[in-house]
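Residues in the sequence shown are numbered from 1 upward in steps of one, following UniProt numbering.
Report on the structure given below.
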Amino acid sequence: MEGSSSHTSWPCGSNTFSNSSSLPAFAMFAGVVTPKTAECIDLIVRRFLWGGHKGQRAIHLVSWEIITTPKLVGGLGLKRMSHLRIAALAYIAWQFLVLDHPIAHFFRLRYRWSGDPWDIKQKSTSSPIWRALCTGLQTIRRFLIKYSGDPTEIDLIADPWLMSVPFSRIPTFLNTDYVHYRYRFSDIIQDGQWRIELLNTLFPPYWVDQIRNSAVPSWNNEPTTWCWVASLSQRPKVKEIYQSIYPGPPPIYSSVWKTLWKMLVIPKFKTFLCLLLRDRLPTRIHLNRCGIYLDTICSLCGMAQKSADHLFMACPFAGECWKIIPTVIKPPLTVWGATSWEDRLTLIEWDKVPFGMFKRIFFYLYVMAYLEGT
């Protein structure tokens, strides 16, 4: 990847090749990758994406946080290896927790583990594999609830049955006079109804209301197992685990970003528009903000500063380009020029744009941005 970066003519187009950073994923699921190795892989991807090398710094048009943000919320969708490492450990720990495998039995006997992710025994003399499994178990345990077809198998205080954290692990006002009796889940149910008297005795009013608002489960004599709390699935996918651990920021312009990444065009067109929406194209005004001081007056018309809006919309040369788009596909130019770039993307009916017109428009934009504009 580092060897190819010097031959990449357009740095932002490297996003396509940077997806090869998912290649080490197999090694993460087949073994244990150290945090230092994951950080080195992230460093190589960053250097390749922006063209930097050892002793040579490059302009970072967008931050690493935006690059690793999901596409539907305004990012480029790359995965951090440090995050993917934790997700891989969490997935391996999940398999270790729920599958009946001889290796799992060996580790449970070797380290005297009861099988409860909230009761992990780790020592300084433990093997690296067991320490990695403990890291994964500590990561996923806050997303798990315990399910059993037999209500006598669930401890009312020590097992997470109402939420992903057991009552014994949260600061709450439990009645300590009754906690040591080790009540089971079957003790608070009678004739298919909650035993309100016992609930009021054991729990504070807030938790009593939470329990009463939940449905009384039905029992079918299924074996005790662990479920993923988000989907109540017994076999969550790696993507679901990753999104649970790293949910990302709340959506912004979700319809715009969805429209952008669903275009049937080559990836560098999408990356170009993403940077345009973020106002991160290397125009002269943006380069001045980065410490590279250049003349900001447009060299094409000489009438205004060379911002992204002027370069691609207000400049007379840009107006000639947008005139080739029929009004069937976009609104008239007067309405088109008065809106923001977010609104412009939603106003265009992209399904009606021929691919040949895409090439003409983006060829003009590339020439404007990288031959005359910067």
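Even glycine gets a Cβ: it sits at the ideal position worked out from N, Cα and C.
Between the CA atoms of residue j and residue i - distance to the nearest angstrom
| i | j | result |
| --- | --- | --- |
| LEU287 | LEU273 | 18 Å |
| PRO35 | ARG142 | 22 Å |
| LEU61 | ARG46 | 12 Å |
| LEU198 | ASP187 | 8 Å |
| ARG131 | GLY74 | 36 Å |
| TRP207 | SER307 | 56 Å |
| SER83 | SER164 | A small fix is needed here, since residue 83 is His in this sequence, not Ser. So the alpha carbons of these two residues sit roughly 22 Å apart. |
| CYS40 | TRP64 | 14 Å |
| GLU48 | ILE120 | Correcting the residue identity first, residue 48 is Phe in this sequence and not Glu. Approximately 40 Å, taken between the alpha carbons. |
| LYS123 | VAL238 | 28 Å |
Exposed unless 16 or more other CB atoms sit within 10 angstroms - verdict on residue i
| i | result |
| --- | --- |
| THR68 | buried |
| TYR181 | exposed |
| LEU43 | exposed |
| ARG85 | buried |
| TYR91 | buried |
| CYS315 | buried |
| PRO102 | exposed |
| PRO70 | buried |
CB-CB length for residue i against residue j, believed under 8 Å
| i | j | result |
| --- | --- | --- |
| ALA87 | TYR242 | 4 Å |
| GLY149 | LEU89 | About 30 Å; that fails the 8 Å criterion. |
| LEU174 | LEU202 | 7 Å |
| LEU216 | ILE189 | For clarity, residue 216 is Val in the given sequence; the question names Leu instead. The Cβ separation is near 6 Å, so the contact holds. |
| THR225 | TYR147 | 6 Å |
| ILE154 | PRO166 | That belief does not hold up - the Cβ atoms of ILE154 and PRO166 are roughly 10 Å apart, past 8 Å. |
Candidates the options, of which the one nearest residue i by Cα
| i | options | result |
| --- | --- | --- |
| ASP309 | ILE292, GLN193 and ARG284 | ARG284 |
| PRO128 | VAL32, MET263, TRP207 and PRO247 | VAL32 |
| ASP116 | HIS101, PRO70, LYS123 and TRP94 | TRP94 |
| LEU144 | GLN193, ILE103 and VAL98 | VAL98 |
| ARG280 | LEU133, THR125, ILE66 and TYR293 | ILE66 |
| LEU72 | LYS268, ILE297 and PRO247 | PRO247 |
| ARG235 | PHE96, TRP50, HIS83 and ILE41 | PHE96 |
Beta-carbon proximity of residue i to residue j, cut-off 9 Å
| i | j | result |
| --- | --- | --- |
| PHE312 | ALA304 | no |
| TRP228 | GLU240 | yes |
| LEU133 | PHE107 | yes |
| ARG184 | PRO223 | no |
| LEU76 | THR259 | no |
| TRP194 | ILE170 | no |
| TRP118 | PRO160 | yes |
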